[in-house]
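Residue numbers (my numbering): 3 to 285.
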Amino acid sequence: MSDYLLLIEKYFGPHLRHLEQAWSEGALAKPHFALIASYSDRLERRLRYIEPLGQTQAIVDEIGDKDPNILDKRLMNALAEIRTLSHLHQQGFTGLQKVMSFADIVGEHGGQRYAFQVTRITTPVSDEISRLNRKAKQSPRTGSPCGELEAIYHNYEKPLLNFFRPSIKSKNQTFQKWSQTDVSRCIVVVTSDENLQDSMVVRHIACRQIRKAIKSLHDKTKLHFEELWWLPDLECGARFVVDPQQEEVHCFVGWRDREDPFTDPDCSDYREVDLGSPMPAYL
């Protein structure tokens, strides 16, 4: 590992070497850790950005498993928490802390306390498309983000609902155990899927399906969170705010594609979008 990747070596070096050895010996089924190598420079900058917060070691300490497949999964969970911590720092949250019980991170913004449950989805959307194609008798999904709007919706609408829904349901159950009433509860879903990174139309479909997953969950059970944030790797992502009075979910997006989010960390320009429209209004 390069000498300039000092914080990656400090926090992840032993874990990476253990996983690399397991992969070479055939003991690791699917090496998600390879994602680190694809953006190691960005991860190093992110680690430097949050280093003054003093919470990275607490995140890494939670990994602690030598079984390579479990370690690989926990390593990706740790990266999701680091991504979230970096975003919260950019958003001006203070008092950020890694915690262990019923939440992953807590912090404060504008006098309001927040608790965050963080999850990373590592299974690509293409896997869900392939699964649905195996069941379909006609009109297979190509997975293309281009073409006629109807075709793009056919490719992504149902796969994206299935992609996000399990994580939302799982974290809602976790927050059910949270007893503090003065804290705003927020689910954070981190993704690295390239199909969700590039296409504005696919992002809009994803936001529609996240809202649908939240509303369908609300129809079946009680919601135990007030907000949900979707954080792709680079952008400010999307925030979903539950309005219990109107039984509505509002969506605010902050798509600002930047190769280096740390030279221009302002992610405050979220704007509400109309998810009732099949196309985002800003296209």
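Cβ atoms here follow ideal geometry from the backbone N, Cα and C, with glycine treated the same way.
Since this is a predicted model, take the numbers as computed values, not measurements.
- prompt: When we look at the beta-carbon of Leu77 and count the other beta-carbons within 10 Å, is it buried (16 or more) or exposed?
  reply: buried
query: What are the boundary residues of the alpha helix (DSSP H) that includes Ala215?
result: Met202 to Lys222
field: Nearest candidate by alpha-carbon position, reference Glu64, set Gly94, Ser146 and Asn79
entry: Asn79
- prompt: Where do the N-terminal and C-terminal ends of the alpha helix (DSSP H) with Leu236 fall, by residue?
  reply: From DSSP, Leu236 is part of no alpha helix (DSSP H); its letter is neither H nor E.
- prompt: What are the uninterrupted segments assigned as alpha helix (DSSP H) that are 4 or more residues long and contained completely in the segment 3-30, given in chain order?
  reply: 8-26
Own chain partners of Ala215 with C-beta closer than 7 Å, once the 5 adjacent residues on each side are dropped: Leu163, Phe166, Arg167 and Ile170
task: Specify the secondary structure class of Asp127 as computed by DSSP and reduced to three states.
output: The question names Asp, but residue 127 in the sequence shown is Val. If DSSP states are grouped into helix, strand and coil, Val127 belongs with the helices.
field: Cα-Cα separation between Gln247 and Gln175, rounded to whole angstroms
entry: 22 Å
- prompt: Under the rule that 16 or more other beta-carbon atoms within 10 Å means buried, what is Lys137, buried or exposed?
  reply: exposed
- prompt: Relative to the alpha-carbon of Val191, which residue among Arg273, Gln119 and Ser88 has its alpha-carbon at the smallest distance?
  reply: Gln119
- prompt: Quick one: what's got a C-beta closer than 8 Å to Pro126's C-beta in the same chain, skipping five residues either side?
  reply: Asp195 and Asn197
field: Residue closest to Val244, alpha-carbon to alpha-carbon, out of Asp235, Trp257 and Glu229
entry: Glu229
message: Suppose you measure from the CA of His17 to the CA of Leu73; what does that come to, to the nearest Å?
response: 8 Å
- prompt: Are three or more beta carbon pairs between the segment 86-106 and the segment 134-150 nearer than 8 Å?
  reply: no
field: Minimum C-alpha distance to Ile123 - residue among Tyr51, Gly97, Gln211 and Trp232
entry: Trp232
query: Whose C-alpha, out of Glu130, Thr121 and Leu87, is nearest the C-alpha of Gly109?
result: Leu87
- prompt: From Leu8 to Glu46, what distance separates their C-alpha atoms?
  reply: 8 Å
- prompt: Taking all protein chains shown into account, do 16 or more other C-beta atoms lie within 10 angstroms of the C-beta of Ala82, making it buried, or fewer, making it exposed?
  reply: buried
- prompt: Under a Cβ-count criterion, where at least 16 other Cβ atoms within 10 Å of its own Cβ denotes burial, should Asp235 be classed as buried or exposed?
  reply: buried
field: Nonlocal neighbours in the same chain, by C-beta distance under 6 Å from Lys179, ignoring five residues either side
entry: Phe104
message: Counting only beta-carbon separations shorter than 8 Å, does Arg210 have a partner in chain B?
response: Of the protein chains in this structure there is only one, and it is not chain B.
field: Pairwise C-alpha distance: Ile154 and Ile212
entry: 17 Å
- request: State the beta-bridge partners of Glu229 as determined by DSSP.
  value: Cys188 and Val243
- prompt: When burial is assigned at 16 or more other CB atoms within 10 Å of the CB, is Leu21 buried or exposed?
  reply: buried
message: Counting C-beta neighbours from all protein chains within 10 Å, is the total for Arg50 16 or more, i.e. buried, or is it exposed?
response: exposed
message: Determine whether the beta carbon atoms of Ala98 and Ile107 lie at a separation below 8 Å.
response: Going by the sequence as given, residue 98 is Leu instead of Ala. Yes, these two residues count as a Cβ contact at 8 Å.
query: Is the distance from the Cβ of Glu237 to the Cβ of Phe254 below 8 Å?
result: no
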